[in-house]
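K.L.:
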Amino acid sequence: MKVPYSKEPVDFRLLILVSIRRIRFVIYGICLGALLFGGSYYLVKNVLSGMPIYSAESQVYLQYIDDVEINNIYINKQTWESLVYNDIVTEYAADEIGRRLSMEEIKSKVSATLLTDTRIVVVTGQSTSKAEAKMLANKYATAISRFAPELKEIEDARILKTAEDAYKVGFEDRTWEMSLTGAIVGGVVSSIILILYFVWDSSIYIPSTPEIRYGLPTIGITTDRMRKFAIYTDESYLGDMKRKANKKTEFYRLWLQVNYLKITKGYKKIAVVGTSLFENTDYVVNILNSIVKEQRENEIFELDRCKIKKEDVYFSSPEYEIVAPGSVNNDPTIAETAAKCDAVIVLIKSGDHNGKLVERALDLLRIQEANVVGVILYDVNSYLIKRYVFSYFCSSTRKLRENIYNTINEQKENEV
19 MKVPYSKEPV
29 DFRLLILVSI
39 RRIRFVIYGI
49 CLGALLFGGS
59 YYLVKNVLSG
69 MPIYSAESQV
79 YLQYIDDVEI
89 NNIYINKQTW
99 ESLVYNDIVT
109 EYAADEIGRR
119 LSMEEIKSKV
129 SATLLTDTRI
139 VVVTGQSTSK
149 AEAKMLANKY
159 ATAISRFAPE
169 LKEIEDARIL
179 KTAEDAYKVG
189 FEDRTWEMSL
199 TGAIVGGVVS
209 SIILILYFVW
219 DSSIYIPSTP
229 EIRYGLPTIG
239 ITTDRMRKFA
249 IYTDESYLGD
259 MKRKANKKTE
269 FYRLWLQVNY
279 LKITKGYKKI
289 AVVGTSLFEN
299 TDYVVNILNS
309 IVKEQRENEI
319 FELDRCKIKK
329 EDVYFSSPEY
339 EIVAPGSVNN
349 DPTIAETAAK
359 CDAVIVLIKS
369 GDHNGKLVER
379 ALDLLRIQEA
389 NVVGVILYDV
399 NSYLIKRYVF
409 SYFCSSTRKL
419 RENIYNTINE
429 QKENEV
């Protein structure tokens, strides 16, 4: 039963493998999310927020006289919050600062309060400058330590803690937290987009898809590694294959050979047509020619040894021919040419967004009543196909070779 790719069930194993190949887009999404969230937060809080206000704190320790009960003294939190603005204290602070600021400016930038422990006065300096905020806190603490002993209840006062740094008022820098949030959001969104993209993708990645989608069996596949041989003459193809001794490539070639011999059995004129608008598929045709060449040489050898009769020759027959007129989508008249052959094999590029192109090519062939017997997926990603379906094959192709010989023997038995 043919199923249009818009209604195909989701292959979760394939989804995971394809997503791993596109994992870089998730990484891009994570980086973009972190940049957008963290960058926007930093821009708003640090650049566009106007002139920042910095605050610094220092502490003064008060030593009360021995016969004073702390619980009974009148100097409390409210007292110090007003006492700090005393003209005497401010005058001392102005002396410490060096008269760079007026007394009113100093009062507007400094505050003080008592902690729960009434012995510690916390002095706060605020300014648009970090350095000035620290200076105000420290100098005003010094002024208080000079003024405090003048009160009858206080024996001595000393600096307990100086302001080492100033912090932005009313601001908590959460740039890293926002960046992490953006990274998570970016990763989730990009993952969802990848899943939706896969669901709507019309590409063909695995051999079972053409049969599900178009009702056509996959005769075989050629991988991206096989294209790297860049062989365009079938005479040199077999020699190069043997010299390179590429077992993975040989495996796919043998698999294609077994299926090709079985599916095209009895057909003597076979058309191999493409569906792509731009891809060069000569190397696929050359692989098929090399398969036929092997069978032809074996047949001639058996004919010379009188194992078969001359009238029983098949591959070495003058009528046997592989025709490669080109891509149906580039020239619709090729469908008419292909229809005149006994069988038609359609070439489909794996992983290409070619669903509509393949449908158009098959429609043109069906209109001409061409006998489409199967498809060949070419440029299949080696990594993907190995992990999807062929990972359990180790290194030997002995069983495939046996299948080839069995196929040939079956042909002979049927002919007899």
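The numbering of the sequence shown is our numbering, which starts it at 19 and goes up by one. The beta-carbon is built from N, C-alpha and C at its ideal position, and this holds for glycine as well.
Using DSSP's beta-bridge definition, name the partner residues of V187.
P.N.:
Counting from 1 along the sequence shown, the entry for residue 187 is found at position 169. Bridge partners of V187: none, in fact.
K.L.:
Could you round the C-beta distance between Y301 and R245 to whole angstroms and report it? I think they count as a contact, below 8 angstroms.
P.N.:
For the purposes of this step, residue 301 is taken as residue 283 along the sequence shown, with counting starting at 1. For the purposes of this step, residue 245 is taken as residue 227 along the sequence shown, with counting starting at 1. Rounded, the Cβ-Cβ distance is 6 angstroms, consistent with contact.
K.L.:
Could you tell me whether the region 279 to 290 touches the region 353 to 368, using the rule of 3 or more Cβ pairs below 8 angstroms?
P.N.:
Yes, the region 279 to 290 touches the region 353 to 368.
K.L.:
Less than 8 angstroms between the C-beta atoms of R40 and L214, yes or no?
P.N.:
To locate residue 40, count along the sequence shown from 1; it is residue 22. To locate residue 214, count along the sequence shown from 1; it is residue 196. No, the Cβ-Cβ distance between R40 and L214 is not below 8 angstroms.
K.L.:
Helix, strand or coil: how does DSSP classify S145 here?
P.N.:
Within the sequence shown, the letter at position 127 stands for residue 145. If DSSP states are grouped into helix, strand and coil, S145 belongs with the strands.
K.L.:
Throw me the rounded Cβ distance for the S400 and D242 pair, which I believe falls under 8 angstroms.
P.N.:
If you number the sequence shown from 1, residue 400 lands on position 382. If you number the sequence shown from 1, residue 242 lands on position 224. Rounded, the Cβ-Cβ distance is 6 angstroms, consistent with contact.
K.L.:
On the CB-based measure, 16 or more other CB atoms within 10 Å of its CB, does E150 come out buried or exposed?
P.N.:
In the sequence shown, counting from the first residue as 1, residue 150 sits at position 132. Burial call: buried.
K.L.:
Closest to E182 by C-alpha separation, out of V44, E109 and K148, would be which residue?
P.N.:
In the sequence shown, the residue the question calls residue 182 occupies position 164. Per the Cα distances, K148.
K.L.:
Does the Cβ-Cβ distance between L279 and I305 come in under 8 angstroms?
P.N.:
Within the sequence shown, the letter at position 261 stands for residue 279. Within the sequence shown, the letter at position 287 stands for residue 305. For L279 and I305, no; Cβs fall outside 8 angstroms.
K.L.:
When the Cα atoms are used, what is the spatial distance from Y185 to F55?
P.N.:
Within the sequence shown, residue 185 is the residue found at index 167, counting from 1. Within the sequence shown, residue 55 is the residue found at index 37, counting from 1. Approximately 23 angstroms, taken between the alpha carbons.
K.L.:
Which residue's Cα is closest to the Cα of T293: V128, A356 and S308?
P.N.:
In the sequence shown, counting from the first residue as 1, residue 293 sits at position 275. The shortest Cα separation from T293 among V128, A356 and S308 belongs to A356.
K.L.:
Can you tell which of V331, I340 and E109 has its C-alpha closest to the C-alpha of S308?
P.N.:
If you number the sequence shown from 1, residue 308 lands on position 290. That would be I340, whose Cα lies nearest to the Cα of S308.
K.L.:
Just to confirm my understanding: we take E99, look at its own chain, exclude 5 residues before and 5 after, and list those with CB closer than 6 angstroms. What are they?
P.N.:
For this step, residue 99 is matched to residue 81 along the sequence shown. Counting only Cβ-Cβ distances below 6 angstroms, and skipping sequence neighbours, we find T131.
K.L.:
Hey, out of I138, Y79, Y60 and Y103, whose CA is closest to E123's CA?
P.N.:
The residue given as residue 123 occupies position 105 in the sequence shown. Per the Cα distances, Y103.
K.L.:
Quick check on Y338: does DSSP put it in helix, strand or coil?
P.N.:
Looking up residue 338 in the sequence shown gives position 320. Residue state, collapsed to three classes: coil.
K.L.:
Quick one: give me the first and last residue of the beta strand (DSSP E) that K287 is part of.
P.N.:
In the sequence shown, residue 287 corresponds to position 269, counting from 1. Counting along the chain, the beta strand (DSSP E) containing K287 begins and ends at K287 to G292.
K.L.:
Would you tell me roughly how many angstroms separate the C-alpha atoms of R323 and K374, rounded to the nearest one?
P.N.:
Position 305 of the sequence shown, counted from the start, is the residue given in the question as residue 323. Position 356 of the sequence shown, counted from the start, is the residue given in the question as residue 374. Each residue's alpha carbon lies about 51 angstroms from the other.
K.L.:
What would DSSP say about R176, mapped onto helix, strand or coil?
P.N.:
As a working mapping, residue 176 is identified with position 158 in the sequence shown. The answer is strand: DSSP assigns R176 an E or B state.
K.L.:
Please list, in chain order, all residues of the same chain as I366 whose beta carbon is under 6 angstroms from its beta carbon, the five residues on each side excluded.
P.N.:
Mapped onto the sequence shown, residue 366 falls at position 348. Correct list, in chain order: I222, T293, V376, V393 and L395.
K.L.:
What residues are listed by DSSP as bridge partners for Q77?
P.N.:
Here residue 77 refers to the residue found at position 59 of the sequence shown. Beta-bridge pairing links Q77 to V140 and K179.
K.L.:
Checking 8 angstroms against the spacing of the C-beta atoms, do V141 and V78 come in under that value?
P.N.:
Start at 1 with the first residue of the sequence shown, and residue 141 comes out as number 123. Start at 1 with the first residue of the sequence shown, and residue 78 comes out as number 60. Yes, Cβ-Cβ distance for V141 and V78 is below 8 angstroms.
K.L.:
The alpha helix (DSSP H) that contains I211, what's its start and end?
P.N.:
Here residue 211 corresponds to residue number 193 of the sequence shown, with the count starting at 1. Counting along the chain, the alpha helix (DSSP H) containing I211 begins and ends at T193 to W218.
K.L.:
If contact is defined by three or more beta carbon pairs under 8 angstroms, each pair taking one atom from either stretch, is the region 190 to 205 in contact with the region 42 to 58?
P.N.:
At 8 angstroms Cβ cutoff, the stretches touch.
K.L.:
With 16 other CB atoms within 10 Å as the buried threshold, where does D370 fall?
P.N.:
Mapped onto the sequence shown, residue 370 falls at position 352. By the 10 Å Cβ count, D370 comes out buried.
K.L.:
Given this structure, state the Cα-to-Cα distance separating S197 from V128, to the nearest angstrom.
P.N.:
Counting from 1 along the sequence shown, the entry for residue 197 is found at position 179. Counting from 1 along the sequence shown, the entry for residue 128 is found at position 110. Those two C-alpha atoms are separated by around 36 angstroms.
K.L.:
Given a threshold of 16 other Cβ atoms within 10 Å of its Cβ, counted over all protein chains shown, does M153 qualify as buried or as exposed?
P.N.:
Taking the sequence shown and counting its residues from 1, one reaches residue 153 at position 135. With 16 or more other Cβ atoms within 10 Å, it is buried.
K.L.:
Can you round the beta-carbon distance between L382 and S345 to whole angstroms, since I take them to be within the 8 angstroms contact cut?
P.N.:
Residue mapping note: residue 382 aligns to position 364 of the sequence shown, counting from 1. Residue mapping note: residue 345 aligns to position 327 of the sequence shown, counting from 1. With a Cβ gap of about 11 angstroms, L382 and S345 do not count as contacting.
K.L.:
Check this for me: beta carbons of T193 and Y72, under 8 angstroms apart or not?
P.N.:
For this step, residue 193 is matched to residue 175 along the sequence shown. For this step, residue 72 is matched to residue 54 along the sequence shown. No; because the gap between Cβ atoms is not below 8 angstroms, this pair is not in contact.
K.L.:
Which residue's Cα is closest to the Cα of A112: A159, G284, I83 and E75?
P.N.:
Along the sequence shown, one-based indexing puts residue 112 at 94. It is A159.
K.L.:
When DSSP builds the beta bridges, which residues end up paired with I239?
P.N.:
The sequence position of residue 239 within the sequence shown is 221, counting from 1. In the DSSP output, where bridge partners are listed per residue, I239 has L395.
K.L.:
What's the call for E315, buried or exposed, on a 16-neighbour Cβ count within 10 Å?
P.N.:
Position 297 of the sequence shown holds residue 315. Exposed is the call here.
K.L.:
Kindly list the residues whose CB is nearer than 6 angstroms to the CB of P343, restricted to its own chain and excluding five residues on each side of it in sequence; keep chain order.
P.N.:
Position 325 of the sequence shown, counted from the first residue, corresponds to residue 343. Same-chain partners within the cutoff: I352 and T355.
K.L.:
Any idea which residues DSSP pairs G344 with across the strands?
P.N.:
What you label residue 344 is simply residue 326 of the sequence shown in a count that begins at 1. Answer is V291.
K.L.:
Please identify the residue among V331, V36 and V390 whose C-alpha is closest to the C-alpha of K358.
P.N.:
On the sequence shown, position 340 is the one that residue 358 refers to. When only C-alpha atoms are compared, the closest one is V390.
K.L.:
Check I363 in the structure and name its three-state DSSP category.
P.N.:
Here residue 363 refers to the residue found at position 345 of the sequence shown. Correct three-state label for I363: strand.
K.L.:
Under 8 angstroms between the Cβ atoms of P225 and T240?
P.N.:
Within the sequence shown, the letter at position 207 stands for residue 225. Within the sequence shown, the letter at position 222 stands for residue 240. In this structure, T240 does not lie closer than 8 angstroms to P225 by Cβ.
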